[in-house]
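Taking it in order: structure first as structure tokens, then the write-up.
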Amino acid sequence: MAAFTLLALTGCSPAPTTVTGGATSASGTAEIGVLEAEATAETSGPRGPTLEAPCAEATTIPDAPPGPARRHAYTAREALRTCITLRSQADGGRRTPIYSGYRPEVHLTRDDDARAPLRCAVRLDEDGGAEPGTRVAAALVCDAPVEIGSDAPGFVLVEGGREVGSGTVILPPG
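521 is the number that the working numbering gives the last residue of the sequence shown; the numbers go up by one with no jumps.
In structure tokens, the structure reads:
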């Protein structure tokens with residue numbers, strides 16, 4: 348099975364559409380790799396779905412090849428929509444929750460690792476804190492301009508030299 352990334356367009360846990368027979372459908376874009384029929388996709392829900400067959404405009408196709416990578420530019424202090432997974436303490440993460448205003452180093456997942464880490468503030472979508480070992484929807488507000496490629500929208504949160512979380516930027520459609 349080829350490796351692939353299927354990105355949600357909005358939210359951290361998008362609400363799927365229920366279709367006849369109790370099945371669930373979701374839509375997205377093949378950003379990296381090829382989606383093949385009967386492939387298992389990773390989702391933020393409690394269990395991963397099986398891709399019965401990729402569809403394009405209500406037509407079943409044998410697979411879904413990736414489109415060309417796009418770059419998205421964000422200005423300094425512009426909010427980047429993200430899904431963040433915080434490592435548990437047992438996995439080397441924090442032992443205390445994070446709150447809006449938390450400012451870790453952010454390392455983008457890129458081919459060129461020459462760029463210095465970014466300093467960004469986390470703005471949680473929900474009130475209160477986010478416990479280690481959980482997944483949350485949040486915005487990153489960075490001090491400097493950021494350019495994110497659709498081929499590598501991931502990032503790592505680093506605190507005191509150790510990785511405490513990771514996430515994906517939810518890129519705008521188009």
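For glycine and all other residues, C-beta sits at the position ideal for the given N, C-alpha and C. Quick caveat, the model's predicted, so the values are computed rather than measured.
Through-space distance from residue j to residue i, alpha-carbon basis
{"i": "R417", "j": "V505", "result": "26 Å"}
{"i": "R482", "j": "P451", "result": "16 Å"}
{"i": "P519", "j": "P492", "result": "17 Å"}
{"i": "Y449", "j": "I517", "result": "20 Å"}
{"i": "A468", "j": "G476", "result": "14 Å"}
{"i": "P444", "j": "V453", "result": "17 Å"}
{"i": "L465", "j": "P500", "result": "14 Å"}
{"i": "S497", "j": "D472", "result": "23 Å"}
{"i": "D474", "j": "D438", "result": "25 Å"}
Sequence-distant residues of the same chain with beta carbon closer than 6 Å to residue i, five excluded per side
{"i": "L455", "result": "F502"}
{"i": "P479", "result": "L433, S435, Q436, G440 and R441"}
{"i": "E510", "result": "V503"}
{"i": "I495", "result": "H419 and V516"}
Where residue i falls, given that 16 or more other Cβ within 10 Å makes a residue buried
{"i": "Y446", "result": "exposed"}
{"i": "A426", "result": "exposed"}
Same chain, Cβ closer than 7 Å to residue i, five either side skipped, listed in chain order
{"i": "G512", "result": "I431, T432, L433, R434, G440 and L504"}
{"i": "G508", "result": "none"}
{"i": "T429", "result": "A485, A486, L487, G514, T515, V516 and I517"}
Whole-angstrom C-beta distance between residue j and residue i, which should lie under 8 Å
{"i": "A485", "j": "R470", "result": "6 Å"}
{"i": "P489", "j": "A420", "result": "One detail in the question is off: residue 489 reads as Cys in this sequence, not Pro. The Cβ separation is near 12 Å, so there is no contact."}
The ligand HEM heavy atom lying under 6 Å from the CB of residue i
{"i": "T422", "result": "Absence of the ligand HEM from the depicted structure is noted, as is the absence of any ligand whatsoever, leaving it without description."}
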